[in-house]
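Input: a single structure, listed below in structure tokens.
Residue numbers (our numbering): 1466 to 2158.
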């Protein structure tokens, strides 16, 4: 198979200062949650990206000095020679596949924690810390600015010693250099404040210092946010963002352009943005510079990518999340296998990992973050370990992934789905407003299952225990999912609530099944992820008056982890959906719900036409219980019985997919072979403190 001629432009080499990228695929910097504590994991992850064909592979943010400490989040650092040694692993892993290695040098200023180093926060002007905590950032004096320039220069030299080809000056995402650029955070009256030319001074000096330090052998890139999305009070793409580019147009070797205001603006989920959504803000940059430009936009379509290049929007296709969902996206396009791309669904589970300070995860790609600790490769699996035959019951995300991976290993697999529609919860949840892209989880796996001759799929096949055992298989895998609770037990309520059995009190399962709804609708959300808010929006679109109630002070609170909570609450409010916050359900009967204030326990009442309970879920294990009982009676020659996904423990789609994949990888492995490796601290003799003379 060969590359479609219309996509060949994506594989042209591009010069970046003193180095040349082998193609136009640029994995822009993105967090992994691994940081300095897991250097081997980070190196393996970036190496897989390079193997997948990304011409440039970048690290996550890399601190230049202990005054920029983001603990407990997983960040890199280039403070000393130990860091050089550890990061050289990453550069070597990237170079092993012919790609360029880029490092994003970073100082967060007031947008750091410094909870580990306990160094005072720095900022252009005195201000509160960006993270809510006691204290704030002090205004940098001239010595501080001189020190900062030295830290950047020394970190750049270390980056070159570690083997990196592209070194960043990072002026985006509200970090320190950007804080100097913006009038919102720079209220200085000296040569670094006031007029835009003065506010740009530090970034200009950073670029010049970095080029002087490494420019003969490394390209110098600038990551710049050209719009804060704060309106006229901040930098805008039609105002000062454009002027900054005009001032510095030819100074760096590459422009990496995005929007700022928050990470949530740059990595906006598919629920609130379309592919290529940043173009309206960044599209002007290439017209102002002869240097190559890269930007992002959750690109998954090769035709969209080609359009970006041909229309002069950018020279590279920048990607973070699409490179996580499918590290081999470029190679698949090059080999004419575009149909096999595992497209990013824009759910932002990847962002949740960093926000929770744990290694990267992905709904579409269960191998991300597992490259080193489990030895998983996204495109390679071991051949089968036996001639065992496997029955997978349930065609949801866990069952589909399990059957697909078993098929790739060469096992004979039967996949039985009770309903006529495959996809399970994915097929239901993708009908909610803004979540259509989630159907890619189902569609990709069904497409790839069609290429597996050893897998047979049987929709409309509801099996009982006798049916299952009569098939004579060696392994039974139950992926029968879960169902929503009706007793009010959720994240903040441990005991069942007094709720009458009534046709006007429903769960999400009822809504998806098409049970009639009468307004006004009251959605009670004690699960706190996407379901409560998305259902409220769906019912509002259907014309009902809707109120969403929750025991917490904000709606859909866990979506803070996916950088969506602000957008969720904004959309609900703009849709005319009422919010009832900090209220726990205590009873519901006769069209009246009683709530107790989370803090005072004061009781209020709300009338409803329909009450929708979005609380907890229970694993569907009826078949498991029946099979376990039958096996106990038989006592010999029984097949193994294993639960996966929501049938084992209800969780996210990402966890369900990972569960199915893990079972398939581990089948027929020796006992203990599936235990993941753990990275241990590496100690060096004679290591000095970072501030030692």
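No residue lacks a Cβ here, since even glycine has one placed at the ideal position from N, Cα and C.
By alpha-carbon distance to residue 1642, the top candidate from 1543, 1533, 2106, 1598 is 1533. Here the alpha carbons of residue 1972 and residue 2073 stand approximately 14 Å from one another. A distance of 8 Å or more separates the beta carbons of residue 1729 and residue 1547. Per DSSP, the beta-bridge partners of residue 1687 are 1634, 1720.
Distance from the CA atom of residue 1756 to the CA atom of residue 1776, rounded to whole angstroms, is 16 Å.
Residue pairing of residue 2052 in beta bridges, as defined by DSSP: 1963, 2059.
One thing to note: residue 1829 has its Cβ within 8 Å of the Cβ of residue 1790.
Contact check for residue 1878 against residue 1857 passes: the beta carbons are separated by less than 8 Å. With respect to the C-alpha of residue 1594, the residue from 1650, 1629, 2047, 1553 having the closest C-alpha is 1650. For the pair of segments examined, the stretch 2012 to 2021 was found to touch the stretch 1980 to 1999: the number of CB pairs separated by less than 8 Å reaches three. Every beta strand (DSSP E) of 3 residues or more that sits fully in the stretch 1885 to 1943 is shown, in chain order, as 1920 to 1923, 1940 to 1943.
Every beta strand (DSSP E) of 3 residues or more that sits fully in the stretch 1587 to 1657 is shown, in chain order, as 1601 to 1604, 1631 to 1636. Taking 8 Å as the cut-off, the Cβ atoms of residue 1674 and residue 1617 count as close.
For residue 1526, the three-state secondary structure derived from DSSP is strand. With respect to the 8 Å criterion, residue 2078 and residue 1946 are not classified as neighbours on the basis of their beta carbons.
By the 16-neighbour rule on beta-carbons within 10 angstroms, residue 1817 is buried. Contact check for residue 1824 against residue 1506 passes: the beta carbons are separated by less than 8 Å.
Nearest to residue 1639 by C-alpha distance, out of 1699, 1654, 2058, 2080, is 1699. Of all alpha-carbon atoms in 1607, 1993, 2094, 2010, the one lying nearest the alpha-carbon of residue 1985 is that of 2010. Note that the stretch 1807 to 1814 does not touch the stretch 1488 to 1495; fewer than 3 beta-carbon pairs, one per stretch, sit closer than 8 Å. Taking C-beta separations shorter than 6 Å and ignoring five residues to either side along the sequence, the partners of residue 1767 in its chain run 1472, 1798, 1803, following chain order.
When C-beta atoms of the stretch 2034 to 2054 are compared with those of the stretch 2093 to 2112, fewer than three pairs fall below 8 Å, so the two segments do not count as touching.
The C-beta separation of residue 1692 from residue 1746 comes to about 5 Å, placing the pair in contact by the 8 Å criterion.
With a 10 Å radius around the Cβ and a threshold of 16 neighbouring Cβ atoms, residue 2064 comes out exposed. Comparing C-alpha distances from residue 1796 to each of 1695, 2109, 2140, 1562 shows the shortest one belongs to 1562.
For residue 1561, no alpha helix (DSSP H) encloses it, and the DSSP letter there is neither H nor E.
Taking the C-beta atoms as reference points, residue 1684 is found no nearer than 8 Å to residue 1479. Residues of the same chain with a CB within less than 6 Å of the CB of residue 1716, apart from the 5 flanking positions on each side, are 1672 in chain order. Rounded to the nearest whole angstrom, the C-alpha separation of residue 1468 and residue 2124 is 34 Å.
A direct Cα-Cα distance of roughly 20 Å separates residue 1913 from residue 1925. As a beta-bridge residue in DSSP terms, residue 1842 pairs with 1845. Beyond the five residues adjoining it in sequence on each side, residue 1514 comes within less than 7 Å, by CB distance, of 1492, 1522, 1788, 1792 in the same chain, given in chain order. Distances from the CA of residue 1801 to each of 1987, 2138, 1470, 1694 were compared; the closest alpha carbon is that of 1470.
Taking C-beta atoms as the reference points, residue 2084 and residue 2113 count as a pair closer than 8 Å.
Burial state of residue 2093 is exposed, judged by a 10 Å Cβ sphere holding fewer than 16 other Cβ atoms.
Annotation for residue 1747: the continuous alpha helix (DSSP H) segment containing it runs 1744 to 1747.
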